[in-house]
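What follows is a set of notes on a single structure, which appears directly below.
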Amino acid sequence: MPPVSKTCQGCADSKVRCVRDTDIACNRCLRLGKECVYRRTGRRFKGFHKDRKIAALESKINELKANRGGLEGNDTNTSTRSASLVDGDAAPEDIISRDFLDMETAERYLTIFKTKMTPHFPFVIVPPDVSVWQLRQEKPFLCLAILASASYENMPLQRTLGNEVKKVVASRMVIGGEISFELLQGLLVFLAWSHYHSRPHRYTQFLQLAISLMIDLRLDRPPQTRTWKTELRFGLQCNLQNQTLNRPSWGSNEQRAVLGCYYLSSSIAMLVQKKSTILRLPYQEECCKALSEANEYPHDKYISYVIQLQFIAEKVDNLSAKHGLDLETPGSGSELYITSLMSDLEVFYRQLPFDINESSVNEVLLAIQYHATGLCLYQIALNITSQESQSPFDSNSWRDEMSFSAFISANSIINLYIQLPSNEEVGFNNTHWVQIAFALLVAYRYTVAAFKPDQTAAFLDTLSKLRSRIGALSTSDVDKNGARDAFFDFGNRIARIENWLGEHSRQEDASHSDESFEDYQHTLCLEPTQFDGFMGAAEHLDVPFGNEFSSSADDLQISNDFLFASSFEQIMGEWVSTFFFLFSSALSFTPCPLLGPAFPPFSLDANDKTVATALKSLTKKFDTLVATDTSAHGDVSPNTTFSIALFSSDTGNAEDEPFFWQYHHTAPTLNQSLVGSHAADKDSIYRIGGLTEVFTVWSLLVTGNGDKIFDDPVTRYLPELVDSTTEQDIIGHVRWEDITVGQLASHMSGIARDYCSKDVILLKGSDEEGLPPRQAIYMPCCGDGSKFHSTPRQPNSRGSSWGNPSYSNMAFQLLGYIVEKRTGKPFSKVLQHDIFDVLGMTETSIFAPNKTTTGIIPVSKEASGWLARDEGDEASKSLFSSIKDLATAGQAILNSTLLGKPQTTRWFKPVSHTSNPANSIGSPWVIYSAGSYPNTSMVDIYTVLSNEDNDESLYSSYLGLVPDFEVGFTILSADNEAPADLNAHADIIGDVVLEALMKTAVEQAAENFGGVYEASNVNSSISVGYDSLPGLYIQEFVSNGTDFRGTLAGIVGVAKPADLSIRLYPTQLVEDSGSGSRQAFRAVFQDFTELADNDTPTCVSWLDLDKFQYGGRGLDEFIFSLNQSGRAVSVEIPALLVSLIKN
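Quick note on numbering: the sequence shown equals residues 1 to 1143 in full-length UniProt numbering.
Put into structure tokens, the structure is as follows:
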């Protein structure tokens, strides 16, 4: 028998809740005497629209899972992506259907991955019983990445598959913006064996993509955790009552992936001295513990040791990066830290339950990692060179020990590799190859420095074995570009080292043959000036490394400079990057934009393709929200009636009406109300409560001299407050003379939250629940301002003024009284005359309007709060309005209709931080920083939220303004049970609208400003372009026939002109004229090769504005002239006295 729904047909048609106390019929049908018929259930919405073929495929996959075990952690969109396999068109990932290889070969490669490769990178596991057919159905991209890694026996095919991986990444991630766990697993596999794929190499870029997926999937924290985000949330699913963040979990697969991301990022960053973008987090240790305890697969037990060792390695790297310059300073503490790290390594080694020098694959690879960590640490130790300090660390014996330990570690890594079973290294991951190369380079340079015949002979023998072993991996195959495999190139480099060392060892002075190994150790400890003599004729040796190595003595000596890994990267140069291509990868450039819009003002047209698509998507998301009562941002009440409007003050048709998009939902329960409207629309009236604060502050600015009043003490307008604080203690009572009007407006006064309402004594009996009798305490008073001022007992202080933010309704009550004192008119009259009447806000009133025909009134007038009328609340929470009127008000604020532009700009500024790093506060704004820095500039959203308690009203409201984009939104709601939480509604708007606005800004900036600008009389020009980062950029820059990029690079201090980034940001200085306008931009100069934030979370480009001047004008100043259509026609560069015309 098919299941039936929980709602009968009659209740469903009437859109009311169906309650059934008996098995016969629901209560409503029994009462009305109707037949109660329950419908068969339909398919529920699950987030994606699936057609019949996809549903059939899902059914088949589920059947296979039941029979064969399946894969863990399938993505929610797997079936959608697999649909093309049954519809006839092969997906890009499906290389089998595209005849790159047959199913039998693919199955063999998958077996190779499971048996030979997974032990070397146990962070992505494919269960033993999963076939390639099942894998390509459920995880097509992971399947592609595995086949691209395991097909090393067919190098041309492997290179082709590697290119297919890159194409899929570009399509699904870069263009499609897809976020899925399958993509993360596939990228980890591709990165782990990335040395198999040809140049140009993009290791760091792919690593950052994997890390971004991990962060976007919130895998940097447990599946359930507490969140610091409040109010406006973008992309999070939260329990809005206890602030608990819940996200999907992929079980042990997720735990391995998290640790795999950290391992790749940290290990490679350490070896090449790049910034690791994944910090050590408690969740990583939790993952290690969980995998070790579960021991689901044989390799899981080693993961914990690999990560523990990497934690130690990261400490070594941090010591070098953060304290490198202090290593030569006696007493710096670095010496003790080095000793502590050595002890950590020793303790780690002793506590291992197995011998890492045994022949097991996992143990040998852990041994390579262990010796590589020690090698880095020993090199740092050798940098402690002070001869004046009496520290034992400066003694030759200690330095000799470090030198010898470093040499032994390097040789141990090489010998461990040589002693492995034949062909075992085909499964090595990229990091282990880099560690071997690192050890080879160190061993080689120590040998060159010593030039002892016996040590040189031993090292030559090692090189010969290494070359033979590497040569056995190479084949004669070439890819479609004619390139050989990576092992061929690596073997050639080893051969060149071997030949050079063998030739010049025979030419070395025989006098060195009698030197003891102790002399060799002391040679390693010589200062650079002492070492020159030892090298002798080495200055003139013809080193056979081409451009890879310098032939100078300075480059061949083991000087202290080499002991820093930064010099190591420089020395390796192209020699290592040819094989270990990650050395040539640069960190993704991080721009440091100026605060404010990243692009010039744009025209917002609701019919524009980008905007129209976004609005259509927004409507669908809200349709889904009301149909399912849930979203990615949390659940919502099915009893909430709400109205939403988006408005704009930008040029374009979006500002022609009060709003350019609206959405209304009427909850079925509203029909039960006996008064008001039963259908929400643009004219529906809601109580807006706390949004009144915006109009109170606005009235202060409109009726006086702008924000100058903010600096006035409150007692200037309400002097009676001074008398009430006479001889009262500082802690218990408010010092009114220290409080300013601006502090009242910005939540910084420190005064109590409420004065004339919400006292528990109004709600409880005199002696209930341990409360003292009423007559023993002060009775709160309510009423007009005079009664408030004359009250003998003033409210307590919650903190000092300008201390910490604390919300206060009473602060806005006082602001209302101040408006009355300044104008001599009642507060309600000021609002009506100076704001509502001027803007035509006919549907807005203080307290409820007399007519209820358009009012949204849940339950009843009394229960909803519609009749609430406390005169003391006029300036804090008394207003009623509609989305049409609030959109009109929002447009007026953004347009500076009632205030001057400078005053509005000052109004849109924060006053203080809060304990939440995501938001600040203003007057009276709560400011949320959106955007995805550094991919976008920061976008501040100025909001006011009203969510009153159940005992006050059943209404909630939300107003948000985005000055950078000149847009805003308002949400008004009413519920029949409790005030609705509107965070999910606001988050949906933010997810869809902000992205569309950012895209629109980029598109119009590129169209209006991009292109080549040239002078008519001199050889001067610039080319302006755009990319996915904030701001426009200047590529070519010629001044008077000179490459001015090179000139600027020299002035700014960037070594290579090609490394100079010049990005343009609007200053919001615009001069309008009858024929168009002039807009000023400022350039930010940065070095592509350096982190913009210098390893800190700050961005300080604002410090360098106008820093470099010529003739009194900044070299960073650019002024564009625009025609009436908003297109740039020329650009003026004042410092160069030139105006360039756009081609």
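Glycine residues also receive a C-beta, built at the ideal position from the N, C-alpha and C atoms. None of these values were measured; they are calculated from a predicted model.
| Item | Value |
| --- | --- |
| Between which two residues does the alpha helix (DSSP H) harbouring TRP661 extend? | Not the alpha helix (DSSP H): TRP661 falls in the beta strand (DSSP E), residues 661-665. |
| Which of the three DSSP states is assigned to GLN419 in this structure? | coil |
| Counting Cβ pairs, one atom from each stretch, are 3 or more of them under 8 Å apart for the segment 600-615 and the segment 206-214? | no |
| In chain order, what residues of the same chain have a beta carbon less than 7 Å from the beta carbon of ASN295, not counting five sequence neighbours either side? | LYS301 |
| Locate the beta strand (DSSP E) running through ARG1078, then write down its first and last residues. | 1076-1087 |
| Report the CB separation of LEU309 from THR373 in whole angstroms; it is logged as a contact under 8 Å. | 6 Å |
| The beta strand (DSSP E) spanning ALA930 covers which residue range? | 926-930 |
| Per DSSP, what are the beta-bridge partners of CYS8 in this structure? | TYR38 |
| Please classify MET103 as buried or exposed, where buried requires at least 16 neighbouring CB atoms within 10 angstroms. | exposed |
| Per DSSP, what kind of secondary structure is ASP489 in: helix, strand or coil? | helix |
| Please say whether THR692 and SER956 have beta carbons closer to each other than 8 Å? | no |
| Looking at MET810 and SER912, is the spacing between their C-beta atoms short of 8 Å? | no |
| Pull up the CB-CB distance for residue 1208 and GLY260, whole angstroms please, since I reckon it's below 8 Å. | The structure shown does not extend to residue 1208, since the chain is modelled only from 1 to 1143, so the question has no answer here. |
| Is the shortest distance between the beta-carbon of SER1130 and the beta-carbons of chain D less than 8 Å? | Of the protein chains in this structure there is only one, and it is not chain D. |
| How would you label PRO805, buried or exposed, when you count the other beta carbons within 10 angstroms and need 16 or more for buried? | buried |
| Among TYR262, GLN255, VAL636, GLN662, which has the Cα closest to the Cα of SER643? | GLN662 |
| Residue range of the alpha helix (DSSP H) that ASP454 falls in? | 453-473 |
| Would you grab the beta carbon distance between VAL740 and VAL830 for me? Rounded to a whole angstrom, and I think it's under 8 Å. | Just to set this straight, residue 740 is Thr in the shown sequence, not Val. The pair is not a contact, with the Cβ atoms about 21 Å apart (cut-off 8 Å). |
| Give the secondary structure of ASN27 by DSSP, where H, G and I count as helix, E and B as strand, and everything else as coil. | helix |
| How far does the beta strand (DSSP E) with ARG1063 in it reach, from first residue to last? | 1060-1073 |
| Residues bridged to GLY176 by DSSP? | Its beta-bridge partners do not exist; DSSP assigns none. |
| Taking the alpha carbon of ASP656 as the reference point, which residue from GLN891, LEU867, GLY706, PHE1044 has its own alpha carbon closest? | GLN891 |
| For the segment 95-161, list the alpha helix (DSSP H) runs that are entirely contained and at least 4 residues long, ordered along the chain. | 103-112, 132-138, 140-150 |
| Using the DSSP secondary-structure output, state which residues sit across from ASP940 in a beta bridge. | SER929 |
| If contacts are defined as beta-carbon pairs under 8 Å, then PRO910 and ILE927 qualify, I think. What distance do you get, rounded to the angstrom? | 5 Å |
| Per DSSP, LEU839 forms a beta bridge with which residues? | The partner list for LEU839 (beta bridge, DSSP) is empty, contrary to what the question assumes. |
| Please list, in chain order, all residues of the same chain as ASP885 whose beta carbon is under 6 Å from its beta carbon, the five residues on each side excluded. | MET841, GLU843, THR844 |
| Using a threshold of 8 Å, state whether the C-beta atoms of ILE835 and LEU972 are closer than that. | no |
| Along the chain, where does the beta strand (DSSP E) that runs through ALA974 open and close? | 967-975 |
| How big is the Cα-Cα spacing for GLN521 and ASP99? | Since pLDDT at GLN521 reaches only 36, below the 50 mark, its modelled position is unreliable, and the value read off the structure follows with that caveat. For GLN521 and ASP99, the distance between alpha carbons rounds to 60 Å. |
| Count the other CB atoms within 10 Å of the CB of ASN671; is the residue buried (16 or more) or exposed (fewer)? | exposed |
| Which complete beta strand (DSSP E) runs does the segment 1003-1066 hold, if anything under 3 residues is left out? | 1011-1014, 1021-1025, 1032-1039 |
| Please tell me whether residue 1144 and PHE1081 are closer than 8 Å, where the distance is taken between their beta carbons. | Absent from the model: residue 1144. The displayed extent of the chain is 1 to 1143, so no value can be given. |
| Considering only their Cβ atoms, is the gap separating PHE908 from ILE685 smaller than 8 Å? | no |
| Pull the bridge partners of ARG687 from the DSSP assignment, please. | PHE880 |
| I'd like the span of the beta strand (DSSP E) that includes PHE1118, first residue to last. | 1117-1122 |
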